[in-house]
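Spelled out as structure tokens, the structure:
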């Protein structure tokens, strides 16, 4: 639907509006509406009044009703789509297959090979003049070629080009299928996005693409607006427009002052109804996209700019959900757009690939140099031949042959299969994870999940079923353990209660009859409100008639629920004059504001502070300890004259009269306790972060198995949490945080900032030797920052707001905690698949490079020819990555601890396997190379002249080599030293078909490959021997498995090959300074020693001061500032960001100097006390007592290892 059609309609509308009747047409054109949407605030209100009279006038022009919406008639909807466009932004065209091929051709090694092959081709057609220069050109022409062979000189060049084409096609096809999967994913995300619209007076959920101009949309907290519109009626509506304007402050919207709502912006608070005025390409976001649409570069740059500009709640606005381009840019621009630096695995792999590549380059260069020198020395020095001009092409041909051998060594050395393996493995996992209810938005999240060490989960809806039912209440001075019969309650209290619940809740919240026989009634909207409406129904009343009597637009003022208020209030005008405000919210918060309470007769009586305490003890705590959420319902009457100042919230929300306290139950999901046990077994700590009351949270955590009685854990609320982690100035101190988080299991009454602080604190902590990898679940708009900060953010697919989904990496389509455990399993599986592939690939690399290198040096010709090497490369890169990367996960993956961020990719077991198999293969191949002709009684293939026919000898070597790789591929299926390598092999049909397929092709190549593959057909006996030597790999694998790792000390170092200098906390380190050179490390170590000395002097001075001033004060101060970590936070001692890498107390130095060894340990013991001996969480009432206690103990006991001791000695 381009602009052309729009302008046609524009013209048509202009014609029509002059004539009195607009048959089937609308009283306003696309262009007018577009113009209207560009105005802001007051201008827009004036414009609407001038042009349409008021909002009703605009609705009439668009033929819609502000209360009942569109009729939903199909022809009408079609007409609207035709006139105003559809709510779609046409996706950017995907890359064509040819473009992908062109991209694959950019690979440097392939380009080098192509050039070499072309030179070789050109030279093979060149016949030197002067007929027979055979003798004079030395060895170059030795070995009498017959014409047939001279003619077939071009075959090698052509074959190389052909195999390059093969590799390119395979790569391009892989990219293409990956792209296709992404598009599928995008469209799946698109279909997921629904929006509430009023049609025919019914509220229905529509896919965003079906919204048309003239629809009345209901907007509420957490929505991502799908189209432009004008607000008809709003309650306390605040919008985050940063994605369009870059303004970070929330904009207040009201129908009379600023009614303009724009697509792609987020509703941060409140609710309302809007008239949709522009969709798709005509909406504000659409216009921006159309401007960008032409130049794809522009589009991506703009995207980046927008992403960088507001790093706030939602990095990319509506578009990634709408336009299919999201997927592919994410992949390409992973480094800039995605919310984190390169994923851990990709970082490790890139580093490894670079290291191997460098080694390969050196090897290939040496190979070429040795070959050229040998040839030159042999010909021109030893045999003293002159360089003849007519011989030049022949010499050049030799040099090209040497060059090709060198490049082939390089090709085999460079593991370009690594990125491919990662991609295949991730893409495969992502596809399969869809079935496990994980919709992965960022590929790398899948692999990060395998390293997760902590999960911070919401309670409501994730651990619980999110079906709220009221099961207990306190009303009229009586605490009912179950919902009472309405007969026993006074009518007065009952009426107030029913009105308070029916009116003071979102009108979109409803309880609908069950869809199937005997099913539970359906809860629509906010689940807590559904629980309260359920209470009304249980009291044999109905909420709908009351709502019909006072429709939403008649509500005088609404204070919607937000995380600061923790309550919601609605003001209505009473018929007899005056106002009444109904309030509901978290019981301890609302009760604090109550001064009266209704008694058994329904009359208000005074509610004193001591009554409140009584109430908390007798009613709220027992309910909370049963795991119930407690909600207090209250009201307050205001006089009509003078009208209260509604904006002065503190005065309004005060002096309430409590009506009732309701206990709402949200049962734990049946599968959660088992899932949590699996997590704990896998070494993952589960923490519950919830907005609920502490007792409720603790009870639910017990039921889930997050905490067990008698364990040493912390369960605290947000207030206490902040008190413990902030210093006097109110700043969060990492050192204080480190005392809290290791034991924290439940954080209750927490605000979104607490959640973010906790996640950040755990990620930045340097307590553990591995940096913690944190996953977070969230559903609310305010969870955005925490989801972004976490290593992996999970958003709820059902209960989650669009903002949360936008900030997340994975969407849980069934909102279920046990799906997170599945994600962990898949993540670990990706990691293992990559390791399997690495083990296989490195074995082939090592062997092929050594064979080519030594072969070339000793026999002037690589035993494995260029084309053969490319075939080996294809097997080992592409096919093996497919075969090994698609292994399905097993439960055994959850039986071990996470690997951690800086564990080397290649474990000592893998190093043992690589070296072991490498030795076996080299022994076999060199035996065949040097004594093979005697064993098999055939002609030797060594020192063959240029263009000579392929020898049986070298064919046997090539065949044995490939078969050994094939059988080693089966060995590579296990990387933890398991015995049974065939275990579960038939669960992976891809693996089996690839192994058999490769074997079949190998037979074809050897028997029919001929000249291009430098092969001669072999008879059955020789095939038997080759296969036998290949099978030896499996036997040898068992031998290797028997050698214990402890015997091989030297492997420890080898396994560290890829250890990045990426210590805990080096999140913020830039990619470019990844490789720290040793000088810099020494320098840093110097700095640390210096700081350590300084901190020691400071500590000693402080201890002296401590004695001067009162012992306690002084010690407490010492404690809070004595940790070395703290000096990092004092600006004078600011090391650059990446300091925390260095274990602050460096064991290497300490081991050398016993005197040094004592002090720092005790210092760390006194300074930051991570493990307190306290076993009972309730005893840790206040952090201060505890710290004084431990410090005074360690400081006062002047044992040889305490700072005091060192002080005495130094004094």
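Numbering (the numbering used here), first residue to last: 3 to 1213. Built from N, CA and C at the ideal position, the CB exists for glycine as well. All figures in this text were calculated on a predicted structure; none of them were measured in a lab.
According to DSSP, residue pairing for residue 526 in a beta bridge involves 512.
For residue 470, the secondary structure class from DSSP, reduced to helix, strand or coil, is coil. Per DSSP, residue 779 lies in no alpha helix (DSSP H) segment; the continuous beta strand (DSSP E) that holds it begins and ends at 776–780. Counting C-beta pairs closer than 8 angstroms gives fewer than three between the region 56–65 and the region 239–255, which falls short of the contact rule. The C-beta separation of residue 734 from residue 728 comes to about 6 angstroms, placing the pair in contact by the 8 angstroms criterion.
Check the Cα spacing between residue 437 and each of 816, 1000, 1047 and 798: the tightest is with 816.
A Cβ-Cβ distance of about 7 angstroms is found for the pair residue 662 and residue 476, placing them in contact under the 8 angstroms criterion. Sixteen is the threshold: since fewer than 16 other Cβ atoms of the shown chains lie within 10 Å of the Cβ of residue 576, the residue is exposed.
The residues 209, in chain order, have a CB closer than 7 angstroms to that of residue 193 in the same chain once the five nearest residues on each side in sequence are set aside.
Ranking 938, 270, 1043 and 245 by CA distance to the CA of residue 916 puts 1043 first. For residue 574, the secondary structure class from DSSP, reduced to helix, strand or coil, is strand. The beta-carbon distance between residue 777 and residue 427, rounded to whole angstroms, is 20 angstroms. This is too long to meet the 8 angstroms contact definition. Less than 7 angstroms separates the beta-carbon of residue 667 from that of residue 473.
For residue 524, the number of other beta carbons within 10 angstroms of its own is below 16, and it is reported as exposed. A contact between stretches requires three or more CB pairs, one per stretch, nearer than 8 angstroms, and the region 955–962 meets this requirement with the region 925–932.
For residue 740, the enclosing alpha helix (DSSP H) starts and ends at 736–742.
A distance below 7 angstroms between beta-carbons, with the five flanking residues on each side excluded, links residue 460 to the following residues of its chain, in chain order: 691, 692, 779, 780 and 781.
Counting C-beta pairs with one atom in each stretch, the region 272–291 and the region 231–248 have three or more that are closer than 8 angstroms, which means they touch. Taking all protein chains in view, the Cβ of residue 937 is surrounded by fewer than 16 other Cβ atoms within 10 Å, so the residue is classified as exposed. Counting along the chain, residue 279 sits inside the beta strand (DSSP E) bounded by residues 268–280. Contact between residue 656 and residue 595 holds: their C-beta atoms lie close to 5 angstroms from each other, under 8 angstroms.
Within the region 873–925, the alpha helix (DSSP H) runs of at least 4 residues that lie entirely inside it are, in chain order, 882–887.
When rounded, the separation of the alpha-carbon atoms in residue 457 and residue 750 is 16 angstroms. Straight-line spacing of the CA atoms in residue 896 and residue 822 works out to 12 angstroms. Membership of residue 1000 in the alpha helix (DSSP H) is indicated by the continuous run 991–1010.
Annotated three-state conformation of residue 955 is helix, per DSSP.
Contact between residue 527 and residue 511 holds, since their C-beta atoms are separated by about 3 angstroms, short of 8 angstroms. Around the beta carbon of residue 259, a 10 Å sphere encloses fewer than 16 other beta carbons of the protein chains shown; the residue is thus reported as exposed.
At a cut-off of 4 residues, the continuous stretches assigned as alpha helix (DSSP H) that sit fully inside the region 368–424 are 394–415. Taking a contact as a CB-CB distance under 8 angstroms, the pair residue 579 and residue 633 does not count as one, their CB atoms being some 30 angstroms apart. Taking each of 55, 913 and 880 in turn and checking the Cα distance to residue 848, the smallest one comes out for 913. The region 209–227 makes contact with the region 67–75: 3 or more CB pairs, one atom from each, lie closer than 8 angstroms. Close CB contacts of residue 868 within its chain, under the 6 angstroms cut and outside five residues either way in sequence, are with 162, 406 and 410 (chain order). Distance between residue 93 and residue 189, taken at the CA atoms: about 11 angstroms. By the CB criterion at 7 angstroms, residue 503 and residue 534 fall inside the cutoff. Secondary structure in the region 533–589: the alpha helix (DSSP H) runs of 4 residues or longer, each lying completely within the stretch, are 546–551 in chain order.
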